[in-house]
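The structure appears right after this line, and notes come after that.
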Amino acid sequence: MKFEERYLDVLHNIEVMIFTAYQENNVINDYDVMASLRALINHYVAEIRKTPPKKLHLRPPQELIFNRVQSVCEWQLGRQSISEAPEIPPISLDEMIACLKRIHRSVKFWNKNGGSKGYLNYIGNFL
Numbered sequence: 166m167k168f169e170e171r172y173l174d175v176l177h178n179i180e181v182m183i184f185t186a187y188q189e190n191n192v193i194n195d196y197d198v199m200a201s202l203r204a205l206i207n208h209y210v211a212e213i214r215k216t217p218p219k220k221l222h223l224r225p226p227q228e229l230i231f232n233r234v235q236s237v238c239e240w241q242l243g244r245q246s247i248s249e250a251p252e253i254p255p256i257s258l259d260e261m262i263a264c265l266k267r268i269h270r271s272v273k274f275w276n277k278n279g280g281s282k283g284y285l286n287y288i289g290n291f292l
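Under our numbering, the first residue of the sequence shown carries the number 166, and numbering increases by one thereafter.
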């Protein structure tokens with residue numbers, strides 16, 4: 166089974182959070198998404214290493230994405246509930262990091278092919 170098939174629900178939930186942040190603040194671009202995803206990856210890697218996460222230096226649009234995506238990540242990790250969302254079996258930190266890295270690669274790809282909002286325009290076709 167391909168990675169995208171195995172983690173389809175996780176990837177979809179993360180992308181929904183990214184796109185809803187973009188709908189609220191349309192100045193957001195792919196670079197904001199990439200910065201937010203890198204910060205989340207670093208946050209969870211620090212947790213695995215049992216070291217304090219690096220201090221965040223995110224601009225307000227990036228912070229919005231970070232907070233939205235982190236909330237769904239915490240839910241997928243089984244640490245936080247989301248109102249009206251069903252209980253789900255949690256995934257591991259390693260799996261979450263892999264999902265965030267997969268989306269980060271997608272953002273880079275669509276940004277390269279579609280410009281500063283290439284990824285956001287691409288996922289908007291499916292959400």
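Beta carbons are placed, not taken as given, at the ideal position from N, Cα and C, and that holds for glycine. These numbers come from a predicted model, not from an experiment.
Express the C-alpha separation of residue j and residue i in angstroms, rounding to a whole number.
i, j, result
"V210", "Q227", "19 angstroms"
"I213", "G279", "34 angstroms"
"F184", "G289", "7 angstroms"
"Q245", "E239", "6 angstroms"
Could you have a look at residue i and say whether DSSP puts it in helix, strand or coil?
i, result
"Y172", "coil"
"K277", "helix"
"M261", "helix"
"V272", "helix"
"M182", "helix"
"N232", "helix"
Do residue j and residue i come within 8 angstroms of each other at the CB atom, strictly closer than that value?
i, j, result
"V237", "I193", "no"
Which residues in the same chain as residue i place their Cβ atom closer than 7 angstroms to its Cβ, once the five residues preceding and following it in sequence are excluded?
i, result
"G243", "P255"
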